[in-house]
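J.: Counting in the UniProt record's numbering, the first sequence runs from 1 upward without gaps.
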Amino acid sequence: MQKDNNTCNKKKTENNTEKRNSCFSWRENELRTRRSTSAQRRPQPQQKHIEMMHCLTRFSRVGHPVFTSRCRLLHAITIDKYPELLEHCIQTKSLKHGKMIHQHLLKNDSNYYNGNRNYFVLEKITRFYLICDRLGLARNVFDEIPEPTVILWNLMIRAYAWNGPFEASLDLYSQMLVSGVIPSKYTFPFVLKACSGLSAIEPGKMIHSHALRLGLDSDVYVSTALLDLYAKCGDLARAENVFYGMQCRDIVAWNAMIAGFSAHGFFDDMMRLFGDMQEAGISPNSSTIVTMLPAVAQASGLSHGKEIHGYSVRRGFSKAVMVGTGLVDMYGKCGCISYARTIFDLLGVKNEVTWSAMIGAYVASDQMREALILFDHMLLEESSRSPPLVALCCALRACTKLIDLTNGRRIHGCILKSGFLSDLMVSNTSLSMYAKCGILDDAAMFFQEMNPVDRVSYGAMISGCVQNGNSLQALDTFRKMQLSGIDPDEATMLALLPACSHLASLKYGACTHGYSVIRGFVADTSICNALIDMYAKCGKVKTAREVFNRMHKRDIISWNSMIAGYGIHGLGSDALALFGELRNTGLMPDGITFISLLIACTHSGLVAEGKYWFDSMVREFQIIPRVDHCICMVDLLGRAGLLREARSFIDKMPCMPNVHVWSALLAACKIHKDVELAEEAAKRIHSLGPESSGNFVLLSNIYSCAGRWEDAASIRITQSNQGFKKRPGCSWVEINGVIHAFTGGDNSHPQSEQIYKKLKELLTETKKLGYEAVPGVVFQDVEEEEKEHILVYHSEKLAIAFATISLSPSQPIFVTKNLRVCGDCHDVIKYITLVTKREITVRDTSRFHHFKDGVCSCGDFW
DNA sequence: TTAGGGTTAG
1 MQKDNNTCNK KKTENNTEKR NSCFSWRENE LRTRRSTSAQ RRPQPQQKHI EMMHCLTRFS
61 RVGHPVFTSR CRLLHAITID KYPELLEHCI QTKSLKHGKM IHQHLLKNDS NYYNGNRNYF
121 VLEKITRFYL ICDRLGLARN VFDEIPEPTV ILWNLMIRAY AWNGPFEASL DLYSQMLVSG
181 VIPSKYTFPF VLKACSGLSA IEPGKMIHSH ALRLGLDSDV YVSTALLDLY AKCGDLARAE
241 NVFYGMQCRD IVAWNAMIAG FSAHGFFDDM MRLFGDMQEA GISPNSSTIV TMLPAVAQAS
301 GLSHGKEIHG YSVRRGFSKA VMVGTGLVDM YGKCGCISYA RTIFDLLGVK NEVTWSAMIG
361 AYVASDQMRE ALILFDHMLL EESSRSPPLV ALCCALRACT KLIDLTNGRR IHGCILKSGF
421 LSDLMVSNTS LSMYAKCGIL DDAAMFFQEM NPVDRVSYGA MISGCVQNGN SLQALDTFRK
481 MQLSGIDPDE ATMLALLPAC SHLASLKYGA CTHGYSVIRG FVADTSICNA LIDMYAKCGK
541 VKTAREVFNR MHKRDIISWN SMIAGYGIHG LGSDALALFG ELRNTGLMPD GITFISLLIA
601 CTHSGLVAEG KYWFDSMVRE FQIIPRVDHC ICMVDLLGRA GLLREARSFI DKMPCMPNVH
661 VWSALLAACK IHKDVELAEE AAKRIHSLGP ESSGNFVLLS NIYSCAGRWE DAASIRITQS
721 NQGFKKRPGC SWVEINGVIH AFTGGDNSHP QSEQIYKKLK ELLTETKKLG YEAVPGVVFQ
781 DVEEEEKEHI LVYHSEKLAI AFATISLSPS QPIFVTKNLR VCGDCHDVIK YITLVTKREI
841 TVRDTSRFHH FKDGVCSCGD FW
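1. If we ignore side chains and look at the alpha-carbon of each, how far apart do S857 and S430 end up?
2. Looking only at its own chain, which residues have a Cβ that is under 7 Å from the Cβ of Y456, when we skip the five neighbours before and after it?
3. Going by other Cβ atoms of all chains shown within 10 Å of its Cβ, with 16 needed for buried, is G360 buried or exposed?
4. Mind checking whether F192 and A225 have CB atoms under 8 Å apart?
5. Can you give, in chain order, each stretch of the alpha helix (DSSP H) that sits fully within the stretch 504-532 and has at least 4 residues?
6. Using DSSP with H/G/I as helix, E/B as strand and the rest coil, what is A741?
7. Could you check which residue in R272, M358, M588, G326 has the C-alpha nearest to that of T291?
8. Have a look at the DSSP bridge pairing and note the partners of V733.
9. Is it a yes or a no for the stretch 811-823 touching the stretch 517-533, going by three-plus beta-carbon pairs under 8 Å?
10. When the Cα atoms are used, what is the spatial distance from D276 to D524?
11. Applying the 10 Å Cβ sphere with the 16-neighbour rule, what's the burial state of K417?
12. Could you spell out the range, first to last residue, of the alpha helix (DSSP H) harbouring I157?
13. At which residue ranges does the stretch 248-302 contain complete alpha helix (DSSP H) runs of 4 or more residues, listed in the order of the chain?
14. Can you tell me which of the three DSSP states H849 falls into?
15. Quick one: using the 10 Å Cβ neighbour count with 16 as the cut-off for buried, is M425 buried or exposed?
16. Is the CB-CB distance between K758 and T816 below 8 Å?
17. Report the rounded CA-to-CA distance for M368 versus R397, giving the unit in angstroms.
18. Can you list, in chain order, the residues of its chain with a C-beta nearer than 6 Å to that of V252? Leave out the 5 residues immediately preceding and following it.
19. Considering only the alpha carbon of each residue, which of E370, H412, I373 lies closest to L389?
20. Between the C-alpha atoms of Q130 and Q175, what's the straight-line distance to the nearest angstrom?
21. For the putative contact between A435 and A460, defined by C-beta atoms under 8 Å, what is the C-beta separation to the nearest angstrom?
22. For a test of the three-state rule: what should DSSP assign to C669, helix, strand or coil?
23. Hey, is the stretch 630-639 in contact with the stretch 648-664, meaning 3+ C-beta pairs nearer than 8 Å?
24. Give the DSSP-derived three-state secondary structure of G854 in the structure shown.
25. Compare the C-alpha of C601 against each of H569, L582, I623 and name the closest.
26. Looking at the structure shown, is I840 part of a helix, part of a strand, or coil, going by DSSP?
27. Assuming S312 and V323 make a contact with CB atoms under 8 Å, what is their CB distance in whole Å?
28. Can you find the residues in the same chain that come closer than 7 Å, C-beta to C-beta, to R847, ignoring five residues on each side of it along the sequence?
29. Does DSSP put G245 in a helix, a strand or coil?
30. Tell me the residue span of the alpha helix (DSSP H) that contains D228.
31. Give the secondary structure of R385 by DSSP, where H, G and I count as helix, E and B as strand, and everything else as coil.
32. Would you call V242 buried or exposed, if buried means 16 or more other Cβ atoms sit within 10 Å of its Cβ?
33. Quick test of your reading: K852 and C825, contact by CB under 8 Å. State the CB separation rounded to the nearest angstrom.
34. Short check: CB of I599 to CB of A640, under 8 Å?
35. For H552, which three-state DSSP category applies?
36. Cα-Cα, which of L172, D489, C730, S432 is closest to C195?
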């Protein structure tokens, strides 16, 4: 019987949407007719259950015990004692004795089950189970009562609205209407709460109409529940209608309306209402403050946050753990980490949310070491409890940002110990940590073993692939995501687009753009920013500008991406013009704007402009130069041949020069063949370490150029001894949507023979026009012929030869390289454009080189 | 009251 009932109830819940639609067509005039037939409509006890009760009765008819106030079974009782005893159990919440009475009733009183049941006692038992939080048992008894009172219906609806499943609450409300019972003013707050929990606004609207018909909508509890439902569901206009229609608004109503504005990001409305509330003579309470703080944090409304903080202190709320935690979170998200920490330290009582909020605040403020220190502190102070899930996730994110695999593994261990790995958010955070810490194979294995996975898991994997330089794997993961039936969202596209940018794959980039249009993602500023970057890096700077022009709303990243896009194409004047437009918008440039602008000036040789804007950055925009800006300046001056000025700039830098500053100078020395300064730069790099293989190569090549072969060889030996390997050059070209990659001297391509044949032909033709292998870029004192042989096999030459035989003569060639293009290749490509009458574009790590009619857009200045 | 994958430069 119970099982049958449960199955029946389960089915009822599963079909609740259908039922809701049917029951909510309830009309007031149907109510009276249904009421008269309600007894027939209620489920009758099943035969099986009756037989079981008879059986129990036969076995245990041994008298009726009763227990005293000391809860001991003493002597026999009669039926009329049940209500009194049950009431006692309700008052004392004594589950054991209440159950005993229930069992006794089932065993010994067949009168209850032979058609003359005392349903008053069953109602008491239902109430008893509800008060003891035994909702399932309460439901079983409740279902035996043919005509429960409206009070009992309300108690059952309330129990489901508080404990869930919310569907059951709505389901019971429907049954109540069908059985002909008229809801009371107590019914609506509970059933509306269940609607809120389900975000079920349409059923909520129908229930609203029921309350209206019964004239109960003016009740302050009913109207507050209605406004709370509308506010939670984001229908703030409807919520305001209810709110302003209320004759009497208590603090709960004000708080519900404020919570609606807060939860949906209507910061200004929320603050306005906070003021109105006080003007109306209602003093905000701690719930008001707790509700408001997340919206303040989201809007970074620090000044308002401080006002609310002051108010909380004056009212004595700030010491309450929930208010204090809200303040920690608000200050953390507004960038005032020291305020957050002070409040955290002063809080007498901290709960797990407080710890998590403070650790999260450090992560949000880019203070990862402090986040991990506090996490360890928490482990010590709260050693009796397992660490909270959110704090674990925050600490793991700190490790991810630090690329700290050791601590990441340790925290992952804590997660395994706590048994949280089944939580999808935790496993996604762990996946992201492994992927971003560079152990992509482990991350891929972890991902494969994850069950279930969601779009965040795929996003983490795609992003991890891109950040580890494996963009092809990122595209492959995206393909698998589509096959799995999980729909990508904006974040997925934002992870994927850099893969297209990195590969310079216009085909995939354009597909991603098309997909984003279909899904309506292009309304998102971040998506457009990523599209600008993608088109610019795929060689389509005009398309990038079209995306930029069509944007409805641009943020500073939009402008920075476009300025950087012009920069890598050597369009310094366009970058400066766009920067001028930016100044007219009133949007404040940031540090990255100036890095992009300085790079654009560097690639176009606009030295005076670069120097002017560097000074202006400090003077006009009060941006303190970071080491990244200084690297740009050394690059700008050095490439222009102003080596002494670059050297002097380093001395005057407002921050300590790092390896990259000296590397920029070393690169400039290579271009302008200044061996003496190069040696100083190399020494500085050596003292700062760790060095990169690029610097060994640069210095070695400088010595080679100067004919100092022994020094060049010595550098190479040092490089080898210190375990630095030269990063292999790799170039690739996309032909009909397939990416073909080549390394130096590569003969693995299926068309390798034809490629080398074509390259030989091209070189023969270029030599007729005057091409000679450029000396000085080969690191050894080798014979000229052999030097030429080494250069022949550079990856960009192989990619160009392959593109020449794969594309029709009218099609331009676009090659991408993972290092800077070498001087000899740069020279020979110019000749190849003369021989083939083709346009060739090479994107290296620094910029674009557009070759046409024997000339490169970089003006041989890169 | 806290929380997972995401866009620009270097």
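The beta-carbon is built from N, C-alpha and C at its ideal position, and this holds for glycine as well.
T.: On the basis of the coordinates in this document:
1. Position 857 of the first sequence, counted from the first residue, corresponds to residue 857. Position 430 of the first sequence, counted from the first residue, corresponds to residue 430. Each residue's alpha carbon lies about 46 Å from the other.
2. By one-based count along the first sequence, residue 456 stands at place 456. Checking the displayed sequence, the identity of residue 456 turns out to be Val instead of Tyr. So the list reads N428, once near-sequence residues are dropped.
3. Counting from one through the first sequence, the residue named residue 360 turns up at place 360. Its Cβ being crowded by 16 or more others within 10 Å, G360 is buried.
4. Here the question's residue 192 lines up with position 192 in the first sequence. Here the question's residue 225 lines up with position 225 in the first sequence. Contrary to the premise, residue 192 reads as Leu rather than Phe in this sequence. Their beta carbons are under 8 Å apart, which means L192 touches A225 by this criterion.
5. 506-518
6. Along the first sequence, one-based indexing puts residue 741 at 741. A741: strand per DSSP, three-state reduction.
7. Here the question's residue 291 lines up with position 291 in the first sequence. Residue G326 is the option with its Cα nearest to T291.
8. For the purposes of this step, residue 733 is identified with residue 733 of the first sequence, where counting begins at 1. V733 pairs with H740, V815.
9. no
10. Here residue 276 refers to the residue found at position 276 of the first sequence. Here residue 524 refers to the residue found at position 524 of the first sequence. Rounded to the nearest angstrom, the two C-alpha atoms are 34 Å apart.
11. Along the first sequence, one-based indexing puts residue 417 at 417. That one is exposed.
12. Position 157 of the first sequence, counted from the first residue, corresponds to residue 157. Here the alpha helix (DSSP H) through I157 covers 150-163.
13. 251-263, 267-279, 286-298
14. As a working note, residue 849 is residue 849 in the first sequence. It is a strand residue.
15. Translated into the one-based positions of the first sequence, residue 425 becomes position 425. By the neighbour-count rule (16 or more Cβ atoms within 10 Å), M425 is not buried but exposed.
16. Position 758 of the first sequence, counting from 1, holds the residue named residue 758. Position 816 of the first sequence, counting from 1, holds the residue named residue 816. Cβ atoms of K758 and T816: not closer than 8 Å.
17. Along the first sequence, read from residue 1 onward, the residue named residue 368 stands at position 368. Along the first sequence, read from residue 1 onward, the residue named residue 397 stands at position 397. C-alpha separation (whole angstroms): 9 Å.
18. Walking along the first sequence from the start, residue 252 turns up at place 252. Within the same chain, V252 has close Cβ partners T224.
19. Here residue 389 is taken as the residue at index 389 of the first sequence, counted from 1. Of the candidates E370, H412, I373, the one whose C-alpha sits nearest the C-alpha of L389 is H412.
20. Within the first sequence, numbered from 1, the residue matching residue 130 stands at position 130. Within the first sequence, numbered from 1, the residue matching residue 175 stands at position 175. The question names Gln, but residue 130 is Leu in the sequence shown. Whole-angstrom Cα-Cα distance: 19 Å.
21. As a position in the first sequence, residue 435 is number 435, starting the count at 1. As a position in the first sequence, residue 460 is number 460, starting the count at 1. Their Cβ separation, rounded to whole angstroms, is 6 Å, which keeps A435 and A460 in contact under 8 Å.
22. The residue you call residue 669 lines up with position 669 of the first sequence. Of the three classes helix, strand and coil, the one that applies to C669 here is helix, per DSSP.
23. yes
24. Here residue 854 refers to the residue found at position 854 of the first sequence. G854 falls in the coil class under three-state DSSP.
25. Counted from its first residue, the first sequence places residue 601 at position 601. Per the Cα distances, H569.
26. Residue mapping note: residue 840 aligns to position 840 of the first sequence, counting from 1. Collapsing the DSSP output to three states places I840 in a strand.
27. Counting from 1 along the first sequence, the entry for residue 312 is found at position 312. Counting from 1 along the first sequence, the entry for residue 323 is found at position 323. That belief holds up - the Cβ atoms of S312 and V323 are roughly 6 Å apart, short of 8 Å.
28. As a position in the first sequence, residue 847 is number 847, starting the count at 1. I568, G570, H603, C858, W862, listed in sequence order.
29. Working through the first sequence from its first residue, we reach residue 245 at position 245. If DSSP states are grouped into helix, strand and coil, G245 belongs with the helices.
30. Along the first sequence, read from residue 1 onward, the residue named residue 228 stands at position 228. For D228, the enclosing alpha helix (DSSP H) starts and ends at 220-232.
31. Numbered from 1 along the first sequence, position 385 holds the residue referred to as residue 385. Coil at R385, not helix or strand.
32. In the first sequence, counting from the first residue as 1, residue 242 sits at position 242. Classification of V242: buried, given that the 10 Å Cβ count is 16 or more.
33. For the purposes of this step, residue 852 is taken as residue 852 along the first sequence, with counting starting at 1. For the purposes of this step, residue 825 is taken as residue 825 along the first sequence, with counting starting at 1. A Cβ-Cβ distance of about 16 Å is found for the pair K852 and C825, leaving them out of contact under the 8 Å criterion.
34. Numbered from 1 along the first sequence, position 599 holds the residue referred to as residue 599. Numbered from 1 along the first sequence, position 640 holds the residue referred to as residue 640. Contact flag unset, no.
35. Translated into the one-based positions of the first sequence, residue 552 becomes position 552. Note: H552 maps to coil in three-state DSSP.
36. Your numbering for residue 195 matches position 195 in the first sequence. Comparing Cα-Cα distances from C195 to each of L172, D489, C730, S432, the minimum goes to L172.
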